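Scroll down for the structure; my scribbles are underneath it.
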Amino acid sequence: MTPDEPHDAVVVGSGAGGAMAAWVLTRAGASVLMLEAGRDYSPDESPMLNMAMDAPLRGVGTPDKRFGYYDATVDGGWDMPGEPYTMAEGSEFMWWRSRMLGGRTNHWARNSFRMGPYDFKPRTRDGLGVDWPVTYDDMAPWYDKTEKLVGVYGSNDGLENHPNSGPGVLQTPPKFRVWETFLKAGGDAINIPVVAARRAILTKQIDERSPCYWASACGRGCSIGAAFQTTTSLIPWAKTTGKLTIATGAMVYEVILDATGKATGVRYIDKATGSHKEAKGRVVVVAASTGETARILLNSKPNGRSEGLANSSGQVGRNLMDTVGSNISAYFPQLEGRPRYNEDGAMGLHAYIPFWDYKRIQSGEVDTPRGYHVEIGGSFGDPGMGVGSGLDGYGSSLRADVKRRYGSRIGFTQRGEMIPNANSYCSIDTETKDKFGIPVLKFNFAWSDNELKQVKHFQTSMKELIDKLGGTLVSEPDEPAKAISKGGEIIHEVGTCRMGSDARDSVTNQFGKTWDVDNLYLTDGSVFASKAHKNPTITIMALAMRSADNIATRLRTGEL
Amino acid sequence: MPISESSDLVMIDRRVTLKWLMGAMAAGQLAACGDGAKGVTWAEMEAIKAKGYGTDPDFNNTVAPWPLTMTQAELVAASSLADIILPAEGDYPAPSKLGVPAFINEWVSAPYPDQHKDRVLIINGLAWLDQESRARSGAIFASADTAAQKALLDEIAYKDRVKPGLEKPAEFFSRFRSITLGAYYTTPEGWTEIGYVGNQPGTGDYPGPTPEAAAHIKAVIEGMGLKYTAP
Numbered sequence: 187m188t189p190d191e192p193h194d195a196v197v198v199g200s201g202a203g204g205a206m207a208a209w210v211l212t213r214a215g216a217s218v219l220m221l222e223a224g225r226d227y228s229p230d231e232s233p234m235l236n237m238a239m240d241a242p243l244r245g246v247g248t249p250d251k252r253f254g255y256y257d258a259t260v261d262g263g264w265d266m267p268g269e270p271y272t273m274a275e276g277s278e279f280m281w282w283r284s285r286m287l288g289g290r291t292n293h294w295a296r297n298s299f300r301m302g303p304y305d306f307k308p309r310t311r312d313g314l315g316v317d318w319p320v321t322y323d324d325m326a327p328w329y330d331k332t333e334k335l336v337g338v339y340g341s342n343d344g345l346e347n348h349p350n351s352g353p354g355v356l357q358t359p360p361k362f363r364v365w366e367t368f369l370k371a372g373g374d375a376i377n378i379p380v381v382a383a384r385r386a387i388l389t390k391q392i393d394e395r396s397p398c399y400w401a402s403a404c405g406r407g408c409s410i411g412a413a414f415q416t417t418t419s420l421i422p423w424a425k426t427t428g429k430l431t432i433a434t435g436a437m438v439y440e441v442i443l444d445a446t447g448k449a450t451g452v453r454y455i456d457k458a459t460g461s462h463k464e465a466k467g468r469v470v471v472v473a474a475s476t477g478e479t480a481r482i483l484l485n486s487k488p489n490g491r492s493e494g495l496a497n498s499s500g501q502v503g504r505n506l507m508d509t510v511g512s513n514i515s516a517y518f519p520q521l522e523g524r525p526r527y528n529e530d531g532a533m534g535l536h537a538y539i540p541f542w543d544y545k546r547i548q549s550g551e552v553d554t555p556r557g558y559h560v561e562i563g564g565s566f567g568d569p570g571m572g573v574g575s576g577l578d579g580y581g582s583s584l585r586a587d588v589k590r591r592y593g594s595r596i597g598f599t600q601r602g603e604m605i606p607n608a609n610s611y612c613s614i615d616t617e618t619k620d621k622f623g624i625p626v627l628k629f630n631f632a633w634s635d636n637e638l639k640q641v642k643h644f645q646t647s648m649k650e651l652i653d654k655l656g657g658t659l660v661s662e663p664d665e666p667a668k669a670i671s672k673g674g675e676i677i678h679e680v681g682t683c684r685m686g687s688d689a690r691d692s693v694t695n696q697f698g699k700t701w702d703v704d705n706l707y708l709t710d711g712s713v714f715a716s717k718a719h720k721n722p723t724i725t726i727m728a729l730a731m732r733s734a735d736n737i738a739t740r741l742r743t744g745e746l
Numbered sequence: 104m105p106i107s108e109s110s111d112l113v114m115i116d117r118r119v120t121l122k123w124l125m126g127a128m129a130a131g132q133l134a135a136c137g138d139g140a141k142g143v144t145w146a147e148m149e150a151i152k153a154k155g156y157g158t159d160p161d162f163n164n165t166v167a168p169w170p171l172t173m174t175q176a177e178l179v180a181a182s183s184l185a186d187i188i189l190p191a192e193g194d195y196p197a198p199s200k201l202g203v204p205a206f207i208n209e210w211v212s213a214p215y216p217d218q219h220k221d222r223v224l225i226i227n228g229l230a231w232l233d234q235e236s237r238a239r240s241g242a243i244f245a246s247a248d249t250a251a252q253k254a255l256l257d258e259i260a261y262k263d264r265v266k267p268g269l270e271k272p273a274e275f276f277s278r279f280r281s282i283t284l285g286a287y288y289t290t291p292e293g294w295t296e297i298g299y300v301g302n303q304p305g306t307g308d309y310p311g312p313t314p315e316a317a318a319h320i321k322a323v324i325e326g327m328g329l330k331y332t333a334p
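Structure representation (structure tokens):
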């Protein structure tokens, strides 16, 4: 079919949420038009084994490519020429866009930690934020299906609020490397768990995707299909049904409603010609990313209603959350001069530190209400442009120092839960338009004391672990207010169209269906009711699969 | 400090790099507007206007598109300095034999803000090095004798022993050293020397540590009175 013909479903976005919805729907026999604002992309383009040496500036990040020359993001970033966003005075927010087929799934770290029972009912537990309209038990089978389909390595450790996957779901995780074994020894001594990480990377072949070959940074995109991205999986699979039509370079800005209040499609700008076009469908699924989805709804003004579409609750754009981030790194003399071997492995986490201190939160001994996990990095990697950091002097002693210290530094990265607050939201800036003439988003963002206390807990705990292992801090961490990441910097923004059980204080029901428009669904991070410390992508996909299943049923029964 | 996208820490999370970059930038700004009452100070330079490689570069043609800007005299000084920082040793060649001066030229000529900050330090720093060398021994830095070169560097190369007033040249030296080391150890020769044996696709399960590496860490862990768990 062509983009001009009416389809059963119009899906806006080709990332984790959009591609999952498209795959489920096409598989159920529905015709789907997928609209992607960026260009067509295939990981066949990925510079898998290219050396930093062959890239300009040894591949370091620049304003053109923030995560390095070889990063998969071919168009996007926090700052995009002609596509600005604004910030309220006193607010700082960094809005990452990934304009390409597959969106951010082409370069994500593949960390895939499923949320647990506490995470779905946070308000019940501590009185803060809101509960989700689903329980962990509702979601468990969808996580199992998603993990199995995607291919996630990890182990079932039976830890509090870190649920096991179903039998046979997870793939075998790669062995710990020396520095991870070292950290585990320290953690074991002071009751900080160091366990196998969970990542969307194959260690065994499934379908046409090869297992990891233990090289190539995942952020470059994975042409062998081992590291999950929608461009090597959901999108090609949906294409094989013959039911998927893709239009790239299609910048959607508005949902169209008919006189009865039903969505009939969307309007978009065809970037190649600059012309405005309409795409028609029986159901509209928006998965354009947390910021862009809110922007499309707020810019859609049915019957001139200024609050935007699907916003009778007033919650569209509100409850903007990102992951809490901060870092500490240390040198460990005990790791100096250790025997060399190939530590590339899966190029990211084999091990990590899940949150462990729930009991002391409940007893009141710990004053931060929500948890975090710690992502750890060390290894004999490509030495890179940072190899000289912390070294002094010159001459043959410097040569010896470089070799001695190689592989003895470990970085600890906090990834924590943010609680929604009234000061963090996005709205339309009526004064500013992008190069397409579309009004842009304006961000308000503020951390609260809850997040700052969490940073303190991280700093104290990691210093204890570093100390136990005889390490020295590269530098003393800043106080939490300075050490904490900027909003949006971790690129886990969620929450702007939250789901709930009451139309008065949420935008969608538990299936991502907007309360106000019966055939308008949202399947990206915008529907998150809370931002657990677990990285959002696997949950976006599990929710999208569940929502799309609901849409497929309603399409089949003629309800839609 | 800018580090390569493939550097170790970045493998878990490249946002760490950006954090460091921001820190390094903030530190640079502080230094540039510090009081420096009697110390060496350098003027800001005009930013390079050339085009970058863009957001969607061609990986089959990875040549940096911007014109190179260093003069012959600057390249001579850079080459000499890099070779003193990391003198040839055994099988391992001097930086000038591995294209490091040319890389420094590419770096300081790049039209990006971080590289611009380094350009101000490095171009001024290399000129200062020649000027100071000439004043002390009558020869430019590259032509001065080894003892004279080292006497000069000893005043700026050690962070706890910087000669008062030479904080700016010391900052130059530190950045120059860092870029030299980065450029050197990202080459095949640098990989061999440091012992990086990755970027090699394999089949089957990830093998994990070699028996030698495992035995070593087991001894280390048990030596600390901690419990070793085999991977």
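Respectively, the protein sequence lines represent chains A and B. Numbered by this note's numbering, the letters in the first sequence go through residues 187 to 746 in order. Numbered by this note's numbering, the letters in the second sequence go through residues 104 to 334 in order. Glycine included, each C-beta is placed from N, C-alpha and C at the ideal position. Quick caveat: nothing in here was measured; it's all calculated off a predicted structure.
Test: residue i CB closer than 8 Å to a CB of chain A
i        : result
B/Val300 : yes
B/His319 : yes
B/Ser199 : no
B/Ile207 : no
B/Arg222 : no
B/Ile151 : no
B/Phe162 : yes
B/Glu192 : yes
B/Met128 : Any answer about B/Met128 is weak, because its pLDDT of 42 lies below 50 and its placement is not dependable; what the coordinates show is given next. By this cut-off, B/Met128 is not an interface position.
B/Ser281 : yes
B/Pro304 : yes
B/Arg118 : Residue placement at B/Arg118 is flagged as unreliable, the pLDDT there being 41, under the threshold of 50; the coordinate-derived value follows with that caveat. At least one chain A Cβ lies under 8 Å of B/Arg118.
Pairwise C-alpha distance: residue j and residue i
i        : j        : result
A/Lys621 : A/Gln696 : 36 Å
B/Ala242 : B/Ala180 : 12 Å
A/Lys699 : A/Val470 : 10 Å
A/Tyr339 : A/Gly531 : 13 Å
A/Glu191 : A/Met239 : 48 Å
A/Asn528 : A/Asp250 : 31 Å
B/Thr313 : A/Pro397 : 22 Å
B/Tyr195 : A/Asp587 : 15 Å
A/Ser634 : A/Asn607 : 8 Å
Residues bridged to residue i [DSSP beta-bridge criterion]
i        : result
A/Ser747 : Lying outside 187 to 746, the shown extent of chain A, residue 747 of chain A is not represented and no answer is given.
A/Gly561 : The identity of residue 561 of chain A in the sequence shown is Glu, whereas the question assumes Gly. BP columns for A/Glu561 point to A/Tyr538, A/Thr599.
A/Leu430 : A/Val218
A/Ser515 : A/Gly597
A/Met437 : A/Ile455
A/Ser277 : Answer is none; A/Ser277 lacks a bridge partner.
A/Thr725 : Answer is none; A/Thr725 lacks a bridge partner.
A/Ala413 : A/Ile387
A/Arg225 : A/Met286
is_contact[residue i, chain B] using C-beta, thresh 8 Å
i        : result
A/Glu478 : no
A/Leu243 : yes
A/Lys639 : no
A/Phe644 : no
A/Ser733 : no
A/Val452 : no
A/Asp374 : yes
A/Arg363 : yes
A/Pro525 : yes
Nearest to residue i (by Cα), restricted to the options the options
i        : options                                : result
A/Ala274 : A/Val626, A/Lys699, A/Gly352, A/Arg690 : A/Val626
A/Lys639 : A/Tyr611, A/Ala386, A/Gly467, A/Val510 : A/Val510
A/Arg300 : A/Pro666, A/Thr321, A/Arg283, A/Trp282 : A/Thr321
A/Val198 : A/Asp317, A/Ala473, A/Gly460, A/Thr259 : A/Ala473
A/Glu745 : A/Ser733, A/Asn705, A/Lys619, A/Pro242 : A/Asn705
Residue i beta carbon near the ligand NAD (any heavy atom closer than 7 Å)
i        : result
B/Gly305 : The ligand content of the structure shown is nil, which means the ligand NAD is not present either.
Proximity test, Cβ basis, 8 Å: residue i and chain E
i        : result
B/Ile226 : As a matter of chain content, chain E is missing from the structure shown, whose protein chains are A and B.
- [ ] Could you say if the stretch 221-228 of chain B and the stretch 314-325 of chain B meet the contact criterion of at least three C-beta pairs nearer than 8 Å?
- [x] no
Task: Meets three-Cβ-pair contact criterion under 8 Å: the stretch 194-208 of chain A and the stretch 282-289 of chain A - done: yes
TODO: Assess, as a yes-or-no matter, whether the stretch 393-410 of chain A is touched by the stretch 217-232 of chain A under the definition of 3 or more beta carbon pairs within less than 8 Å.
DONE: yes
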